[in-house]
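Reading through the structure tokens given below for one structure.
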Amino acid sequence: MQLLRTLLRPGWLLTTVLVLAFAAACFLILAPWQLGKNSETEHRNELLRSATQIDAVPLEELVAPGRSLAADDEWREVRLTGRYLPDEQIMMRLRSVNERPAAEFVTPFQLAGTNQVVLVDRGWVRPGADGVVAVPGAPDGQITIDARLRKSQGTSPGKEPRYEDGRLTAYTLDTAQLSRISGTDFAPYYLQLTPDQPGGLGVIDLPQMESGPYLSYGLQWLAFGIMAPLGVGYFIWAEVKHRRALRAAEAGGTGTADTAAAGAGPDPHSRAGQRKRIREELRDVSTAGTAEPRANAEVGTGIVVDTDDDDVQAKLARRYGR
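If you're matching positions, the sequence shown starts at 1 in the UniProt record's numbering and goes up one per residue.
Right under this line is the structure:
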């Protein structure tokens, strides 16, 4: 009951609600978010490991014309024949290579004997001393290239592709957005050119196969979700224990004070104290007949020996008014 009363105090009630909300966020949002990123990274690493151990295959074996890319086929190396369409080249802005600014160039590639057009990321180029990026040319005529399959990146709000100085630029490689802006129907995926290919620029390295800190972050959020309610429970229990100790101390102090007051008796200067003293003196006088005569001292009169009970009672009556 005391624990319930403590929990219902406004301060503890608000703290409990906030801590429970934080714990729920840890278990339902934060930990799954980090653990999900860890799962995605592990899946990507597995795809990379398997893709680098398989030789290039014709594009149509993995992706039929007009079909989307299967998730497990990303990073697979494919071979295709066709020609570049440099007039529709796209410049990807705000790229960084080895912590230095760069721009990537994506050139449409039309497959031989079809109308299918696939976007090919040819690599990166450094800007010049004046900050201007030179537009690299692409080989003419029909060629055969090897490249890795990549899924479309999507577009963030406010980062849509647009034309600048007659050149199509973009921040992310969203094939649907680029198709809409350029008017060309691109495949719903793109290709990343492998090293030493016709039309290749600065090589884009494969991602490092590492798990990152996501697993440890996820476990930390789970630990926080467990420790926060336990911490609040401990502090509530400590406060209840402290209040019980205070009540016990107060009860013990009151009992001691009552006992001391009872043992001390009435104030000797009060009427009750005077009556008690008279009764004690009368008891002493009543035993005078059988005991030896005793000396009664009175302030200012010296020592007087009383042997007569009537005289003693008369003196007491005169002294105390009784």
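No residue lacks a Cβ here, since even glycine has one placed at the ideal position from N, Cα and C.
Keep in mind that this is a model prediction, so the values were computed, not measured.
Measuring straight from C-alpha to C-alpha, what distance separates residue i and residue j?
i, j, result
"Ala228", "Gly11", "16 Å"
"Glu46", "Ile54", "13 Å"
"Gly200", "Leu193", "7 Å"
"Thr41", "Lys241", "49 Å"
"Leu219", "Leu206", "28 Å"
"Lys159", "Ala23", "35 Å"
"Val299", "Gly252", "The predicted position of Val299 is uncertain, since its pLDDT is 48 and thus under 50; a value taken from the coordinates is nonetheless stated next. In a straight line, the C-alpha of Val299 is about 44 Å away from that of Gly252."
"Ala297", "Ala249", "Caution applies to Ala297, whose pLDDT of 47 falls short of 50 and renders its modelled position unreliable; the model cannot decide the point."
"Thr172", "Thr184", "17 Å"
"Gly36", "Pro86", "39 Å"
"Gly166", "Met209", "39 Å"
"Arg244", "Trp237", "11 Å"
"Leu149", "Pro188", "11 Å"
"Gln177", "Thr155", "8 Å"
"Arg294", "Arg247", "Caution applies to Arg294, whose pLDDT of 49 falls short of 50 and renders its modelled position unreliable; the value that the coordinates give is listed next. Cα-Cα distance, rounded: 54 Å."
"Trp124", "Ile204", "7 Å"
"Arg162", "Pro139", "25 Å"
"His43", "Lys151", "14 Å"
"Asp121", "Leu59", "16 Å"
"residue 341", "Arg126", "No statement about residue 341 is possible, as the shown extent of the chain runs from 1 to 322 and does not include it."
"Arg93", "Gly233", "53 Å"
"Tyr84", "Pro198", "10 Å"
"Asp196", "Leu48", "20 Å"
"Ala25", "Pro136", "50 Å"
"Arg95", "Arg67", "29 Å"
"residue 323", "Arg318", "Lying outside 1 to 322, the shown extent of the chain, residue 323 is not represented and no answer is given."
"Arg277", "Ala314", "16 Å"
"Pro213", "Phe224", "17 Å"
"Leu230", "Thr15", "13 Å"
Run the CB neighbour count on residue i, radius 10 Å, all protein chains shown included, and call it buried at 16 or more, exposed below.
i, result
"Thr175", "buried"
"Phe235", "exposed"
"Leu13", "exposed"
"Ile226", "exposed"
"Val17", "exposed"
"Gln34", "buried"
"Pro108", "buried"
"Gln142", "exposed"
"Leu282", "exposed"
According to the Cβ coordinates, are residue i and residue j closer than 8 Å?
i, j, result
"Thr169", "Arg79", "no"
"Leu30", "Trp221", "yes"
"Leu215", "Asn98", "no"
"Glu88", "Ser179", "no"
"Ala112", "Gly82", "yes"
"Gln147", "Leu119", "Here the sequence assigns Ala to residue 147, which means Gln is not the residue at that position. Result no, Cβ atoms of Ala147 and Leu119 do not sit closer than 8 Å."
"Gln110", "Pro65", "no"
"Met91", "Val132", "no"
Exercise for the section: Determine, using beta-carbon pairs with one atom in the segment 92–109 and one in the segment 60–76, whether at least three such pairs fall under 8 Å. Expected result: no
Exercise for the section: Can you check the segment 149–183 for any alpha helix (DSSP H) of at least 4 residues that lies completely inside it and give the ranges in chain order? Expected result: 175–182
Practice task
Write down every uninterrupted run of the alpha helix (DSSP H) in the segment 22–86 whose length is 4 residues or greater and which is fully enclosed by it, in chain order.
Solution key: 31–51 and 59–62
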